[in-house]
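Each remark here refers to the structure printed beneath this line.
Numbering (the UniProt record's numbering), first residue to last: 1 to 442.
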């Protein structure tokens with residue numbers, strides 16, 4: 001019984017196969033009938049005798065035409081995609097790799113460029129990101145695992161972010177500069193720019209021999225603080241930014257940040273050094289009773305890292321205060337200025353020069369804080385903390401609506417400031433690294 005069923009099934013399969021082959025032959029290989037002679041209208045005949053045309057009717061003709069049209073559309077779409085990709089690649093004239101070996105590199109990448117890093121974990125040994133801007137494709141590398149000779153150099157143009165604040169940091173920075181010089185000598189890279197966290201007293205002479213203008217190989221230098229040898233040709237002032245080494249975040253403005261009343265007139269959370277203007281500030285606040293209206297938390301010794309509680313308190317103080325008091329430290333410029341801007345708390349800055357080599361350059365003549373002043377920072381600048389009580393008295397009388405408008409103005413300025421620094425950075429690299437006639441202003 002089973003063998004009979006098998007034979008029947010086999011016969012059916014063979015018959016189906018033969019029928020399929022016949023059908024395929026009929027449709028695709030069977031010779032077509034020659035076209036019939038073209039019928040014509042007999043001039044003497046009836047008007048109802050109409051010619052059928054000179055082509056044989058094909059039942060698949062409409063489907064074939066539709067299929068051909070679909071293939072044509074798909075071909076044209078792919079061609080457009082290829083042309084777009086080609087033009088996109090042609091527009092990217094410069095590839096730049098940024099080696100972030102100082103925390104200020106995170107301010108450049110995440111705050112100025114608005115870039116992202118993978119993985120997001122700040123404790124990761126290796127983090128990277130990329131983005132295209134103008135005619136340039138940027139990639140960014142950072143983390144303890146990024147060491148000379150142990151990562152892939154994927155661009156002929158390099159931006160090296162270094163810390164030159166103290167001797168130990170300078171020793172480490174020079175190792176990277178020597179590595180970059182070796183790559184230049186072996187023609188693995190063509191251009192080098194440096195973003196330098198400078199010394200707080202502007203003692204940056206150690207970097208001078210590495211500059212191309214002095215016989216070195218570094219094409220461009222972007223340096224923090226009011227360095228006197230800034231010339232806006234190959235040496236540029238760069239903002240200090242926020243304390244990314246303490247993981248200060250990128251803050252996105254919210255409706256409540258702009259519109260809610262704030263609990264405190266002002267804030268100051270920081271280290272109070274002996275015989276400093278910070279001692280004067282605390283005394284003035286206590287004498288006039290403003291310490292009860294402001295969030296004040298003073299400590300005697302500086303700490304490189306904050307606890308989770310102290311860091312949260314600091315952020316809350318910025319968010320809950322209308323003004324942030326910014327006394328000078330070793331330098332007039334401090335992270336606090338930029339962090340206050342992030343939360344819409346207006347900085348009140350002690351506008352005095354600190355000891356050291358910082359000062360006016362051949363380009364800027366308004367030290368300290370020349371870069372911020374040139375960019376029209378809407379801050380309150382004072383020369384002596386004795387001016388503070390009058391400022392706070394005036395602050396008490398300002399309406400919430402006026403404060404809202406002031407916050408909007410401050411946040412808008414800070415957003416534009418970062419965008420301007422980003423574009424200036426890109427334009428400077430392109431104008432220096434690209435062949436003449438290729439670099440453009442955006």
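Note that the Cβ used here is the ideal one computed from N, Cα and C, for glycine as well.
Computed from a predicted structure; not experimentally measured.
Could you say which of the options lies nearest to residue i if we only look at CA atoms?
i: residue 176; options: 433, 161 and 165; result: 161
i: residue 204; options: 193, 392, 137 and 224; result: 224
i: residue 167; options: 108, 341 and 198; result: 198
i: residue 306; options: 158, 136, 247 and 200; result: 247
i: residue 155; options: 111, 184 and 260; result: 184
i: residue 147; options: 120, 134, 165 and 178; result: 178
i: residue 257; options: 316, 312, 331 and 369; result: 316
i: residue 429; options: 144, 222, 264 and 121; result: 222
i: residue 338; options: 414, 229 and 125; result: 414
i: residue 366; options: 228, 286 and 399; result: 228
i: residue 329; options: 264, 208, 371 and 352; result: 352
i: residue 158; options: 232, 216 and 95; result: 95
i: residue 108; options: 206, 200 and 130; result: 130
i: residue 266; options: 393, 238 and 335; result: 393
i: residue 169; options: 208, 124, 102 and 133; result: 102
i: residue 189; options: 125, 403, 98 and 274; result: 98
i: residue 391; options: 206, 172, 348 and 153; result: 348
i: residue 210; options: 238, 181, 276 and 237; result: 181
i: residue 443; options: 145, 226 and 396; result: With the chain covering 1 to 442 only, the question about residue 443 has no answer from this structure.
i: residue 134; options: 113, 123, 152 and 145; result: 113
i: residue 277; options: 331, 72 and 403; result: 331
i: residue 304; options: 289, 294 and 270; result: 270
i: residue 355; options: 381, 385, 104 and 226; result: 226
Rounded to a whole number of angstroms, what is the C-alpha to C-alpha distance between residue i and residue j?
i: residue 284; j: residue 360; result: 31 Å
i: residue 343; j: residue 362; result: 34 Å
i: residue 128; j: residue 139; result: 7 Å
i: residue 116; j: residue 417; result: 20 Å
i: residue 54; j: residue 76; result: Any answer about residue 54 is weak, because its pLDDT of 45 lies below 50 and its placement is not dependable; what the coordinates show is given next. Their backbone Cα atoms lie some 32 Å apart in a straight line.
i: residue 268; j: residue 425; result: 33 Å
i: residue 387; j: residue 314; result: 24 Å
i: residue 376; j: residue 333; result: 15 Å
i: residue 187; j: residue 231; result: 29 Å
i: residue 150; j: residue 143; result: 12 Å
i: residue 357; j: residue 323; result: 30 Å
i: residue 400; j: residue 408; result: 12 Å
i: residue 173; j: residue 164; result: 7 Å
i: residue 287; j: residue 280; result: 11 Å
i: residue 93; j: residue 136; result: 6 Å
i: residue 321; j: residue 260; result: 11 Å
i: residue 254; j: residue 206; result: 44 Å
i: residue 132; j: residue 252; result: 22 Å
i: residue 275; j: residue 282; result: 12 Å
i: residue 141; j: residue 72; result: 45 Å
i: residue 200; j: residue 319; result: 28 Å
i: residue 312; j: residue 369; result: 28 Å
i: residue 422; j: residue 195; result: 13 Å
i: residue 33; j: residue 66; result: In this predicted model, residue 33 has a pLDDT of only 47, less than 50, meaning its place in the structure is not dependable enough to derive any value.
i: residue 403; j: residue 238; result: 30 Å
i: residue 398; j: residue 202; result: 39 Å
i: residue 215; j: residue 309; result: 50 Å
i: residue 100; j: residue 372; result: 24 Å
i: residue 295; j: residue 208; result: 43 Å
i: residue 124; j: residue 104; result: 17 Å
i: residue 272; j: residue 122; result: 30 Å
Suppose the cutoff is 8 Å on Cβ atoms and the five residues either side in sequence are ignored; what does the same chain contact list for residue i look like?
i: residue 219; result: 191, 192, 193, 212, 234, 432 and 433
i: residue 374; result: 364 and 366
i: residue 326; result: 334, 336, 337, 340, 347, 348, 349 and 350
i: residue 217; result: 180, 181, 184, 192 and 210
i: residue 420; result: 375
In chain order, what residues of the same chain have a beta carbon less than 6 Å from the beta carbon of residue i, not counting five sequence neighbours either side?
i: residue 435; result: none
i: residue 36; result: Note that residue 36 scores a pLDDT of 44, beneath 50, so its modelled location is shaky; the value from the coordinates is reported in the next line. Same-chain partners within the cutoff: there are none.
i: residue 106; result: 244
i: residue 379; result: 347 and 349
i: residue 411; result: 253 and 344
i: residue 126; result: 143 and 145
i: residue 236; result: 222
Skipping 5 residues on each side, what residues in its chain have a beta carbon closer than 7 Å to that of residue i?
i: residue 291; result: 285
i: residue 444; result: Because the chain spans 1 through 442 in this model, residue 444 falls outside it and cannot be assessed.
i: residue 406; result: 346
i: residue 30; result: Any reading at residue 30 must be qualified, since the residue scores a pLDDT of 48, below 50, and its modelled position is unreliable; no value is offered.
i: residue 383; result: 351 and 352
What are the complete beta strand (DSSP E) segments, minimum 3 residues, inside the stretch 258-326?
-> Counting only runs of 3 or more, we get 264-271, 295-299 and 321-326.
Is the stretch 294-302 close to the stretch 233-248, with three or more CB pairs under 8 Å?
-> The way I'd put it, the stretch 294-302 doesn't touch the stretch 233-248; fewer than three beta-carbon pairs between them come closer than 8 Å.
| Curious, which full-length alpha helix (DSSP H) runs of at least 4 residues does the stretch 137-218 contain? | Runs of the alpha helix (DSSP H) inside the stretch 137-218: 167-185.
- Message: Ignoring anything shorter than 4 residues, give me the alpha helix (DSSP H) runs that lie fully in the stretch 397-441, in order along the chain.
- Response: If we require 4 residues or more, the alpha helix (DSSP H) runs fully inside the stretch 397-441 come out as 400-433.
Extract the residue ranges of the alpha helix (DSSP H) inside the stretch 326-379, only unbroken runs of 4 or more that lie entirely within it.
The stretch 326-379 contains these whole alpha helix (DSSP H) runs: 335-342 and 370-374.
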